[in-house]
Structure formats: structure tokens, C-alpha cells
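What follows is one structure encoded as C-alpha cells, with my remarks underneath.
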Amino acid sequence: WPTTNTRSYDVAVHSVGKIPLGIKRKGLRVVVTGGAGFVGSHLVDRLISRGDSVIVVDNFFTGRKENVMHHFGNPNFELLRHDVVEPLLLEVDQIYHLACPASPVHYKFNPTNVVGTLNMLGLAKRIGARFLLTSTSEVYGDPLQHPQKETYWGNVNPIGVRSCYDEGKRTAETLAMDYHRGAGVEVRIARIFNTYGPRMCLDDGRVVSNFVAQALRKEALTVYGDGKQTRSFQYVSDLVVQETIDPEAKIEYRPNTEDDPHKRKPDITRAKELLGWEPKVDLRKGLPLMVSDFRQRIFGDQKEGAT
Ligand code: NAD
Ligand code: UDP
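The opening residue of the sequence shown carries number 671 in my numbering; numbering runs sequentially from there.
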């Protein structure tokens, strides 16, 4: 993230599919919690390629060694099996805190958001490291403002089935800002919107990974509710997925989950202004990359399974 900025905190910046990394620097010591996961492992690739020494801390709850295996043997890379709900002592310059069961099927089981974030903020405070929290568009709940700006406070049901994630991330943001105000920790908060791509968990219940895996396995595509919900990739993605893999794919309608946001799309004006950031890979380019990764993982080398 930007390093020339003299202010210690920038207003949260929306990010669709990519964490803004800002100016290239050499030789930082960096911890990436959740670095064996989908987003984390891509971040690790980026940090290693810019010359940082990276320690991945992951309990492999949803992450996989395979996602970072290509760095094994690199002296700038270390992998620690550790649950961030337990404290951790390390000396680093920056902490990217991603560890969190991020998909609806996983996030109900774990206090990672609150306790893990508290531990990592404590670490940041003790060693004077800069801290980045990967928050989520879910902090807006089922938004009443569209598209969503950073200044919008959201519409979250505090006692609903999704609230452990939504409120967990909101609490994580609160903790980050309290550590900033109270202890001078430099913090960054990236509210990430629905992201898809290679290395995503195959069966984590998210819409793009579900549709890609279902289409490859010749199963019906499961549409929850009436299928009119939108996300930052909008529901045109439903159509594009089907076209890309199997135009004949069947569709199965299922009841939607409670409190599912109806409409969601980021207003990225500030990200463009402050970071010069905007997404570059559209669905038609990105989806085939994800499809070939999923095809490889589902069918391995068996060509007959592929379409
Ligand atoms: P992921 O499940 O692939 O990665 C999460 C990683 O955290 C996994 O490697 C998992 O093993 C690890 N982890 C979970 N609990 C842990 C714990 N207690 N201790 C140590 N490691 C732990 O999910 P992802 O999609 O890569 O998400 C990464 C981050 O980005 C999360 O914080 C998530 O909330 C945020 N995010 C992702 C999206 C998205 O669309 N992918 C959207 C919004 C926010
Ligand atoms: N969804 C769907 N079929 C699926 C999985 C999800 O229709 O197999 C819907 C879901 O109800 C939601 C949208 O797709 O409206 C995005 O869901 P996802 O879990 O991917 O992301 P989130 O709800 O966290 O934005």
C-alpha cells in the first residue's frame, strides 16, 4: 500500500479483487496471516516478487499448502502453521491480516475475526508494524445506499445468520481504529468485494466457485432465491459462467439464505483518486483463468472429464 503518505491512516478504500499495494519497495519483513488461502496466496506472490521476506501464518482451516508450495526453498519465504486466535511473537515491519474463514459455509465456526484481529493488532503495537486488515463489503450488510461509498455505515442485522462475519469484521475495523487512535498503530482497512479466481476453495459455497465447479462436474447450477441479487460482478456473471463452460448447463432454484444482500456494488471513486487503482481484468478474461485452475483441480490430468 502507499508508503509515501505521511498521514498514518487513510479512509478505507474499496478494493475489487485486488489489494492495492502501491509503490514498489525492497526488503521488508512481512507477515501474511491467512497467506495459504485464496487471496492471501496471490498477495504472497506479489510481495515475494517485489523483494519482501514473507512469513505466512495459517492454520489451514480453508487454506492449502499447495497455494504457496511454489515458494518452498526460497529463503525469503517461511510458512508457520498457527491459529491467530493464539498470540504470536514475531519481528516484522508489516502485517497483512487476512486470516478468517471467509465463506458462508465456514465462517460460522470461528472467533478469528475478533480474537485473531486483537492478537495481530497487539503484535503490531508491540513491534511498531504497519497493519492492514482485509475487511469486506459485508460490513454494509444489505445496503440501503447504492453504490456503496466508504462513508456509508451499513445496514447489518446484528443477530442474523451472517452477523458473525459481518459484525466480526465491523468489530475488527473498530479494533483497528482504536489501536490507531489509542496506541498510534498505523492501520489500513481494505473492504474487499466479491473476488473470484484460481486457487479459490472448490466447495466453499460462494457463487462463482459453486457455478464453475458445478458446471465442470455437469451438475445443475444452484441459484438461491430468484437469482436477481447483484454483486460487484453483477448477475451477468451467472450468464457468463454458463456460457464459458457449458451452455447446456441446467439451473436449479433453491431458497436464498437469510439477510442476503440484494444489491451490492462499490463506489471506487476514492480508490481511483487516492491510489490510482481500478480493476483491469474483466469477467470474460478472468473467468477462463479460474475455470482452467478448477478443471485441473477437479479432473487432474484426466482429459476426458474436461469439456
Ligand atoms: P480463504 O478462506 O481462502 O483464506 C482465509 C485463510 O485464513 C485460509 O488460508 C485459512 O486457512 C486461514 N485462517 C482461517 N482462520 C484462521 C486462523 N484462526 N488462524 C490462522 N489462519 C486462519 O478466504 P479468502 O477469500 O482468501 O479471504 C481472505 C481475506 O479476504 C479474509 O479476511 C476475507 O474476509 C477477506 N475477503 C475476501 C473476499 C473474497 O471475495 N474472496 C471478499 C471480502 C473479504
Ligand atoms: N448464490 C447462488 N448460488 C450459489 C451460491 C450463491 O445463487 O450456489 C447467491 C447468493 O445467494 C448471493 C450471491 O449468489 O445472493 C453471492 O453469494 P456469495 O456467497 O458468493 O457471496 P456474498 O453473499 O458473500 O456476497
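Don't be surprised by glycine CBs; every beta carbon is placed ideally from N, CA and C. On a predicted model such as this, the values are computed, not experimentally measured, just so you know.
Under 8 Å: does the beta carbon of Phe-747 sit that close to some heavy atom of the ligand NAD? no
Unbroken alpha helix (DSSP H) run spanning Thr-804, endpoints: No alpha helix (DSSP H) contains Thr-804, which is instead part of the beta strand (DSSP E) from 800 to 806.
For the ligand NAD, is there any heavy atom lying closer than 8 Å to the beta carbon of Phe-862? Sequence inspection shows Ile at residue 862; the Phe mentioned does not correspond to that position. Yes, Cβ of Ile-862 sits closer than 8 Å to a heavy atom of the ligand NAD.
Rounded to whole angstroms, what is the Cα-Cα separation between Gly-786 and Thr-844? 14 Å
Given 8 Å as the limit, tell me if Arg-919 has its C-beta closer than that to any heavy atom belonging to the ligand NAD. It should be pointed out that residue 919 corresponds to Ala in this sequence rather than to Arg. Ala-919: no, Cβ never under 8 Å from the ligand NAD.
With Asp-763 and Ala-799 assumed to form a contact (beta carbons below 8 Å), what rounded beta-carbon distance in angstroms separates them? 6 Å
Cβ-based burial, Gln-966 [other Cβ within 10 Å; buried from 16]: exposed
What's the gap between the Cα of Trp-823 and the Cα of Ser-723? 36 Å
Going by the C-beta, is Tyr-810 closer than 8 Å to any heavy atom of the ligand NAD? no
With DSSP as the reference, label Glu-837 as helix, strand or coil. helix
Contact under 9 Å by Cβ, Thr-1018 with His-850: The requested residue 1018 is not part of the displayed model; the chain covers only 671 to 977.
Applying the 10 Å Cβ sphere with the 16-neighbour rule, what's the burial state of Thr-865? buried
Do you know whose CA, among Ile-862, Gln-884, Lys-935, lies nearest Phe-921's CA? Looking at the sequence shown, residue 921 is not Phe but Ile. The residue with the shortest Cα to Cα distance from Ile-921 is Gln-884.
Can you give me the Cβ contacts of Leu-891 inside the same chain, cut-off strictly under 6 Å, excluding the 5 residues immediately before and after it? Phe-881, Gln-884, Ala-919, Ile-921
For a test of the three-state rule: what should DSSP assign to Phe-863, helix, strand or coil? strand
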